[in-house]
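Asker:
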Amino acid sequence: MEPILADKVQEYINQFAGKDVYIHVETTNGAYASHFNEGFFSAGCFIRNAKVNYEHGKIAGTGPYRIGLKLDLGWIYVEGLTHFELDDQGRLLLSGHGHDGKLAAALEISHTPFN
Amino acid sequence: MNKIEKERHVLVIYPHPDDEALGVSGTLAIYAKNNVPITYACLTLGEMGRNLGNPPFATRETLPKVRKKELEKAAEVIGIQDLRMMGLRDKTVEFEDDEKMVKLVTDLIEELNPSLIITFYPGYSVHPDHEATGRAVVRAVRRIPVEKRPKLYCTAFSKDCERNLGEPDIVNDIREVQDIKIAALKAHISQTAWMLKGLEESIAQNNPISERLTTERLWSYQWDRDEVD
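So the sequences go chain by chain: Z and E.
If you use numbering that gives the first Met the number 0, the first sequence corresponds to residues 0 to 114, in order.
If you use numbering that gives the first Met the number 0, the second sequence corresponds to residues 0 to 228, in order.
#1: Roughly how far, in whole angstroms, is the beta-carbon of L151(E) from the beta-carbon of I202(E), given that I think they are within contact range, below 8 angstroms?
#2: Once the 5 residues before and after V227(E) are set aside, which same chain residues still bring their CB inside 6 angstroms of it?
#3: Taking all protein chains shown into account, decide if K68(E) is buried (16 or more other Cβ within 10 angstroms of its Cβ) or exposed.
#4: Going by beta-carbon coordinates alone, are Y39(E) and E19(E) separated by less than 8 angstroms?
#5: What first and last residue would you give for the alpha helix (DSSP H) that runs through W193(E)?
#6: Can you find a CB in chain Z that lies within less than 8 angstroms of the CB of R216(E)?
#7: So what does K57(Z) bridge to, in DSSP terms?
#8: Can you pull out the residues from the stretch 61 to 81 of chain Z whose beta carbon lies closer than 7 angstroms to at least one beta carbon of chain E?
#9: Which bits of chain E does Y11(Z) rub up against, with CB to CB less than 8 angstroms?
#10: With a cut-off of 8 angstroms on the beta carbons, I'd call P14(E) and T132(E) a contact; round off their distance for me.
#11: Which same chain residues, not among the five before or five after P63(E), have their C-beta less than 6 angstroms away from its C-beta?
#12: Could you tell me which chain Z residues have their CB closer than 8 angstroms to the CB of E60(E), listed as they occur along the chain?
#13: Please return the same chain residues whose Cβ sits closer than 6 angstroms to the Cβ of L51(E), not counting the five positions on each side in sequence.
#14: Going by the CB atoms, is the gap between K101(Z) and N52(Z) shorter than 8 angstroms?
#15: Give the DSSP-derived three-state secondary structure of S24(E) in the structure shown.
#16: Using a Cβ-based criterion (distance less than 7 angstroms to any ligand heavy atom), does N53(E) qualify as near the ligand FMN?
#17: Would you mind telling me which residues of chain E sit closer than 8 angstroms to T27(Z), beta carbon to beta carbon, in chain order?
#18: Skipping 5 residues on each side, what residues in its chain have a beta carbon closer than 6 angstroms to that of Y220(E)?
#19: Using the Cα positions of E4(E) and E93(E), report the straight-line distance between them to the nearest angstrom.
#20: Look at the alpha carbon of M100(E) and the alpha carbon of K7(Z), and state the distance between them as a whole number of angstroms.
#21: Is the distance from the Cβ of Y38(Z) to the Cβ of T26(Z) below 8 angstroms?
#22: Using 10 angstroms around the beta-carbon of W218(E), count the other beta-carbons present and answer buried if the total reaches 16, otherwise exposed.
#23: Does the distance from the C-beta atom of L195(E) to that of K185(E) stay below 8 angstroms?
#24: Using beta carbons (cut-off 8 angstroms, strictly below), is L102(Z) in contact with chain E?
#25: For the putative contact between L68(Z) and G79(Z), defined by C-beta atoms under 8 angstroms, what is the C-beta separation to the nearest angstrom?
#26: Beta carbon of V170(E), beta carbon of R224(E): below 8 angstroms?
#27: Do A28(E) and I108(E) come within 8 angstroms of each other at the CB atom, strictly closer than that value?
#28: Taking the alpha-carbon of G89(Z) as reference, which of G97(Z), G73(Z), E107(Z), W74(Z) has the nearest alpha-carbon?
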């Protein structure tokens with residue numbers, strides 16, 4: 000994975016638009032966040048292999064980045080993205096790494112279901 | 000410190016690659032040296048781990064492949080000959096059907112007839128996957144008549160574990176296999192690099208932080224205060 004190049008990522012987002020795609024979207028503080036810091040309110044989510052079809056999508060920001068994908072009935076939104084890769088299966092993988100280097104957010108788009 | 004007893008068969012059930020290295024790799028290495036058969040059922044491949052490096056050395060999609068290799072390496076250095084990857088997904092163990100989880104454990108017990116099972120102490124293991132794993136094991140073992148039950152030793156590390164459970168009754172001296180424990184931790188390098196850096200400095204300075212490399216502490220499951228429903 001490399002640091003996000005917004006223009007490149009925008010091209011890839013455009014390539015997946017208007018088709019049935021599978022997404023993985025995730026945010027996380029880690030399962031031990033409240034164990035190490037008792038006042039910490041830990042919130043997170045992940046969706047793996049939702050099948051969606053977005054009309055168009057955009058990458059915004061100057062780093063960390065935000066991505067919004069417009070569905071016909073709704074939205075997908077992720078913020079905190081820093082790295083990207085088009086993998087050997089042609090899947091767009093994006094992740095966001097915080098100051099501690101650990102993953103805080105992810106957005107992945109694929110023509111075929113993830114494992 | 001107690002002397003590690005000879006066992007007929009040890010069954011370890013943990014959810015994540017590296018749970019075994021951190022908690023019991025020294026203990027298991029001693030069993031292996033004494034030719035005790037060990038089966039390690041690792042429920043997931045730690046797919047949702049946050050340590051991907053920065054810059055990342057892996058993606059969300061390649062991480063399980065990395066962790067699978069690390070797990071195989073750790074099992075090899077410890078001396079675990081029967082490693083089973085049970086195919087569940089990291090962070091979802093508590094959402095699987097409870098009966099399916101009990102059956103997973105019961106099937107292993109029936110096949111292997113272990114004299115000892117090692118898992119997480121439910122209620123005292125912080126991570127939801129750890130808790131769900133411990134609960135499934137307790138439920139499965141509870142269905143076995145008392146006189147036929149294998150021993151059940153549990154690792155725990157919540158902040159309140161000693162306050163509620165008392166001191167662990169199983170304290171294993173693992174100094175003779177310290178190098179194996181370090182090797183097992185190193186095998187999971189994608190997840191342990193941060194810890195190993197500090198640990199090796201501590202050993203060099205003879206710091207007490209290297210306690211983890213001298214003893215491993217477990218609790219016999221306290222059936223008289225079984226809080227699993």
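C-beta: ideal position from N, C-alpha, C; glycine also.
Answerer: Taking the coordinates as given:
#1: With a Cβ gap of about 32 angstroms, L151(E) and I202(E) do not count as contacting.
#2: P121, R134, V137
#3: exposed
#4: yes
#5: 188 to 203
#6: no
#7: G67(Z)
#8: none
#9: Near Y11(Z) there are no residues of chain E at all, since even the closest Cβ is about 14 angstroms away, more than 8 angstroms.
#10: 5 angstroms
#11: L44, E46
#12: D86, R90, L92, E107, F113, N114
#13: A57
#14: no
#15: helix
#16: Judged by which ligands are present, the structure shown has none, so any question about the ligand FMN falls away.
#17: M47, R49
#18: L151, C153
#19: 33 angstroms
#20: 44 angstroms
#21: The amino acid occupying residue 38(Z) in the given sequence is Gly; Tyr does not appear at that position. Not a contact, by the Cβ cut-off of 8 angstroms.
#22: buried
#23: yes
#24: yes
#25: Going by Cβ atoms, the distance from L68(Z) to G79(Z) rounds to 16 angstroms, so no, they are not a contact pair.
#26: no
#27: no
#28: E107(Z)
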